[in-house]
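In what follows, a structure is listed as structure tokens, so that the remarks can point back to it.
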Amino acid sequence: MNKLLIVGTVAFDAIETPFGKTDKILGGAATFIGLSASYFKIQSAIVSVVGDDFPQEYLDLLSERNIDISGLEVVSGGKTFFWSGRYHNDLNSRDTLATELNVLADFQPKVPQNFKNSDVVLLGNLHPLVQSSVLDQMIKKPKLVVLDTMNFWMDCALQELLSVIKRVDVITINDEEARQLSGEYSLVKAAAKIHTMGPKYVVIKKGEHGALLFHNKDVFFAPALPLEEVFDPTGAGDTFAGGFAGFITQSENVTFENLKSAIIYGSNLASFCVEKFGTERMIGLKIDEVNARLQQFKSLTQFDIETQ
């Protein structure tokens with residue numbers, strides 16, 4: 000069975016949206032990625048760190064989803080990374096209320112021995128030096144390395160970020176981050192500029208407006224499924240990345256045509272994530288629901304047309 004290595008945060012989140020608020024709940028990029036990737040026939044492992052305040056039931060939940068957590072370090076006496084945010088009415092913008100790095104501040108990732116030969120590596124949003132150190136531990140070159148990052152690292156660790164970007168095959172960022180990284184307003188020009196930094200493929204996430212995939216002169220657009228209710232967008236981008244990487248890992252096919260399908264699978268899973276707070280929807284999601292919504296995506300995007 001093919002292997003996916005996931006590196007990122009496992010955390011507590013406290014979320015407030017126009018539809019309600021939560022106390023501390025399960026969150027973190029690696030958590031959302033892992034839950035999303037668990038819908039594919041693959042072996043996956045999470046490399047991350049938590050404190051001993053992290054409930055055993057959450058660790059059990061990840062294990063029960065066939066996610067290897069031998070690389071998830073539990074620091075005795077430490078506190079788990081915590082993020083709190085409040086979303087505005089449009090759910091496209093938010094205010095960060097609290098960020099407590101806690102054990103993440105001194106995180107030194109340790110890749111489990113049996114995942115050092117992973118087929119796909121997904122580097123979740125972390126300091127670029129942490130992301131680089133994971134690639135340094137691989138004993139063979141992965142078929143695909145996917146990197147997620149954000150504007151914070153562009154502001155405070157740009158050179159380190161550019162160094163790790165050179166080593167990856169796919170970068171996933173949102174439209175605002177693509178413009179900042181490239182210095183170009185046009186997303187087509189932005190993707191072309193980012194290509195020159197190293198990645199063969201550039202994925203630009205546009206939230207409720209879908210996602211774009213760029214490869215040289217080829218472009219593919221996947222819409223987001225129109226939903227009746229969106230409760231909480233936290234983790235949607237990571238869920239998208241998990242579906243994207245999970246599909247690629249399962250299929251063993253690293254081509255532009257197959258990455259187009261991966262974008263759809265990622266968008267499909269992300270559409271579930273936003274329907275409830277935190278990871279709640281992903282935890283209860285059934286494979287029949289996933290497949291049924293894939294058909295909705297197909298109906299949304301497929302059409303016949305006669306040219307003049």
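Read in order, the letters of the sequence shown are residues 0 to 307 in numbering that gives the first Met the number 0.
Backbone N, C-alpha and C define an ideal beta-carbon position, used for all residues, glycine too.
According to DSSP, Arg93 shares a beta bridge with Tyr86. Boundaries of the beta strand (DSSP E) around Ile45: Gln42 to Gly50. Taking each of Ala177, Gly236 and Asp174 in turn and checking the Cα distance to Leu268, the smallest one comes out for Gly236. Under the three-state reduction of DSSP output, Tyr57 falls in the helix class. Beyond the five residues adjoining it in sequence on each side, Met0 comes within less than 8 Å, by CB distance, of Lys40, Ile41 and Gln42 in the same chain, given in chain order. The residue from Leu60, Lys199 and Gly50 with its alpha-carbon nearest to that of Val218 is Lys199.
Between the C-alpha atoms of Ala97 and Lys20 there is a straight-line separation of about 15 Å.
Around the beta carbon of Val187, fewer than 16 other beta carbons sit within 10 angstroms, so the residue counts as exposed. Exposure of Asn215 is indicated by the presence of fewer than 16 other C-beta atoms within 10 angstroms of its C-beta.
Looking at the DSSP output, Phe18 shares a beta bridge with no other residue. Cβ neighbours of Val73 within its own chain (closer than 7 Å, five residues either side excluded): Val49, Asp51 and Phe53. For Phe219, the secondary structure class from DSSP, reduced to helix, strand or coil, is strand. Straight across, the Cα-Cα distance linking Val110 with Glu305 is about 53 Å. Membership of Tyr264 in any beta strand (DSSP E) is not indicated; the residue belongs instead to the alpha helix (DSSP H) covering Phe255 to Cys272.
The DSSP-derived three-state label of Asn173 is strand. With contacts defined as CB atoms closer than 8 Å, Asp67 and Phe114 qualify as a contacting pair.
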